[in-house]
Structures are given as C-alpha cells and as structure tokens.
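A.B. asks: Below you will find the structure I want to go over with you.
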Amino acid sequence: MKIYKLKVQKYKLFKYNLLKLQTYSKPPTFDTSNFLSGLLEQIEAYLKQVLKIIFEYHVSHFKILFIGFPLISKIRQVKLVHFTNHNFIPEKSWISGIFRNRFSILTYLKIIQSQNFSKNLQFLLTVKTKPHLVIIFNQKVETSTINEFYKAGIPILSFDWRSLKTFKITYRALGSYNFVDKNLKLTFFFLFYSLLKKTPLTKKKSKLNYKKTNFTHKNQQKKNRFKYLKKLGNI
C-alpha cells in the first residue's frame, strides 16, 4: 500500500513539473484551453515513449550520442561518461562532416587540442565510432547536422517537435522544451541521470566451444532489435 501511494505521489509530481515547466504551449504563458483539451496528457505520453526508446537503446548496449545535453553538474556528467558507453557533446562543439571525413578531421582536432586552442574539443574526440542513436536537445541545431546523420542512416531523436525537417527526425517529443531555462535543465539532467545509470543487460561470456552459427544468430537478433527500435519512431 505504501509503495502504491509513493508511485501516485511521484506521478502527481511528474505532472506538476510538466505544468510548471510550461512544456504544453509555445508561449511562456499558461493556456487553459490547451490544458483542458488533453494536450498535457499527450505530452506526457510522448515523453514516456521517448524515454522508453532511449532506455531500450541504453540497456541493449547501443551507443547514443547526446548533442546539447543539459549540463548541471560536471561531476555527475563525468560519472555518466564513466559508466556508460555514450557520448555527451555541447552543441557548439559539433563539426559537420566528421563522419564523412573522420580520419582527417580527428587528426586536425588532435593538433588543435595539443595547442590548447579549445577545451571543448575533448568531448568531440571521444566520438570514436558511429552512434546507433543521436539525441538533439538544442532547437537551434544546424540543418546540415541533421542531414549528416540522416544520410548516414543514424536515427535522430529531437525535442524540437516543430522542426521543419520532420521527415528526417525518427523520434520526436511533443511540447516546447527550452533547455536554456535552469529549472528545465535541472529536471531533465537528473531525469536522464537516473535513466542512464541503470545497468545495461549483461553480455554473456563466450565459451571456447562457441559455435559460429550461434554467434551469427545473436548478431541477427541484435539487428532485428535495432530495426524494432527504429519502428517505434512512428508515435
């Protein structure tokens, strides 16, 4: 009974935060008609679906690239980088074309970093492989960045549901998320922190007599799961 009451209290607190952060309307004013029409419930449903998709990618050992991740605590962000396989990059640090000309760009970045021109380059240098999912928090991200991920066949999750390139966005959240707002940054940082600190599914150790057919079968299962996650974008 106590557990049930605790869940109800957390759910009410979650809805209260949605109202307080004003994600239900474009202007920063309370709109009674939007609230009564059930838009808040739709935003809640979309947000839950988006968080579920991120969690599925995380526990399945798929690499996620976060661009414009809301930074509140550098210590906790370092912990996220330490116990996850994901990359967290400020939106200003991203350089277009890094996947098309990876070797030459990374070599150039290492030279610049050695000369201490920029401290933010260390985040970009952590991107050593192509991610399975890209999450964009900044609504002012350049269209060239979206086009680059789209051409590379990498699913994109965006919190800007009004984006003009909606057909290139695989997953979208409903609502107006202004991550410049301190309260919104704080809420989402700890939301993702609690979500990503969950331990991913453990990988079974390979045996010496492990057959190649079983290895191929597991690879096919992972590919099928990846295709399933991409289909979840139709929300």
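This note's numbering applies: residue 14 is where the sequence shown begins, and numbers increase by one.
A virtual CB, placed ideally from N, CA and C, is assigned to each residue, including glycine.
Bear in mind the structure is a predicted one, so any value in this text is a computation, not a measurement.
May I have the straight-line CA-CA distance separating residue 82 from residue 53, to the nearest angstrom?
C.D. replies: Spanning the two alpha carbons is a distance of roughly 24 Å.
A.B. asks: In angstroms, rounded to a whole number, what distance separates the CA positions of residue 77 and residue 195?
C.D. replies: Distance between the alpha carbons of residue 77 and residue 195 is about 24 Å.
A.B. asks: Which full runs of the alpha helix (DSSP H) of 4+ residues lie inside the region 46-76, going along the chain?
C.D. replies: Complete alpha helix (DSSP H) runs here, min 4: 52-72.
A.B. asks: Figure out for me which residue from 157, 158 and 148 has the closest Cα to the Cα of residue 75.
C.D. replies: Out of 157, 158 and 148, 148 has the C-alpha closest to the C-alpha of residue 75.
A.B. asks: For residue 221, which residues of its own chain have a beta-carbon under 8 Å away from its beta-carbon, when the five flanking residues on both sides are left out?
C.D. replies: Reliability of the predicted coordinates at residue 221 is poor, the pLDDT of 35 falling under 50, and no value is obtained from them.
A.B. asks: For residue 170, which three-state DSSP category applies?
C.D. replies: Looking at residue 170 - three-state DSSP - the assignment turns out to be strand.
A.B. asks: Could you tell me which of 181, 186, 187 and 86 sits nearest to residue 157, measuring between CA atoms?
C.D. replies: Selected option, being the one with the closest Cα: 181.
A.B. asks: Reducing DSSP to helix, strand and coil, say where residue 85 ends up.
C.D. replies: Coil, per DSSP.
A.B. asks: Nearest by alpha-carbon distance to residue 185: which of 99, 172 and 197 is it?
C.D. replies: Of 99, 172 and 197, the residue nearest in Cα terms is 172.
A.B. asks: Can you check which of these residues, 199, 60, 191 and 141, is closest to residue 102 by C-alpha distance?
C.D. replies: Nearest option by C-alpha distance: 141.
A.B. asks: At the level of alpha carbons, what is the spacing between residue 209 and residue 200?
C.D. replies: Using only the alpha carbons, I get a separation of about 14 Å.
A.B. asks: How close, in whole Å, do the beta carbons of residue 167 and residue 159 come, if the pair is a contact with beta carbons under 8 Å?
C.D. replies: Not really, about 10 Å apart at Cβ, beyond 8 Å.
A.B. asks: Tell me which residue opens and which closes the alpha helix (DSSP H) that residue 191 is part of.
C.D. replies: No alpha helix (DSSP H) contains residue 191, which DSSP labels as neither H nor E.
A.B. asks: Excluding five sequence neighbours on each side, which residues of the same chain lie with their C-beta closer than 7 Å to the C-beta of residue 64?
C.D. replies: Correct list, in chain order: 208.
A.B. asks: Express the C-alpha separation of residue 205 and residue 150 in angstroms, rounding to a whole number.
C.D. replies: Going by the C-alpha atoms only, they are around 12 Å apart.
A.B. asks: Give me the Cα-Cα distance between residue 146 and residue 70, rounded to the nearest whole angstrom.
C.D. replies: Each residue's Cα considered, the two are about 8 Å apart.
A.B. asks: Tell me the DSSP secondary structure of residue 222 in three-state form.
C.D. replies: Residue placement at residue 222 is poorly supported in this model, since its pLDDT is 39, which falls under 50; the coordinates are not used for a value here.
A.B. asks: For residue 128, I'd like the list of residues in its chain whose CB is within less than 6 Å of its CB, leaving aside the five on either flank, ordered along the chain.
C.D. replies: Note on residue 128: pLDDT 48, under 50, position unreliable in the model; the coordinate value appears next. Closer than 6 Å at the Cβ level, and outside the excluded window around residue 128, lies no residue.
A.B. asks: Report the CB separation of residue 94 from residue 211 in whole angstroms; it is logged as a contact under 8 Å.
C.D. replies: Not really, about 16 Å apart at Cβ, beyond 8 Å.
A.B. asks: Just checking my contact of residue 202 with residue 85 at CB under 8 Å: how many whole Å lie between their CB atoms?
C.D. replies: Confirmed, about 4 Å.
A.B. asks: At which residues does the beta strand (DSSP E) containing residue 102 begin and terminate?
C.D. replies: Unbroken beta strand (DSSP E) run through residue 102: 100-102.
A.B. asks: Quick check on residue 147: does DSSP put it in helix, strand or coil?
C.D. replies: Reduced to three states, the DSSP call for residue 147 is strand.
A.B. asks: Looking at the strands, I want to know which residues DSSP matches up with residue 78.
C.D. replies: 100 and 147.
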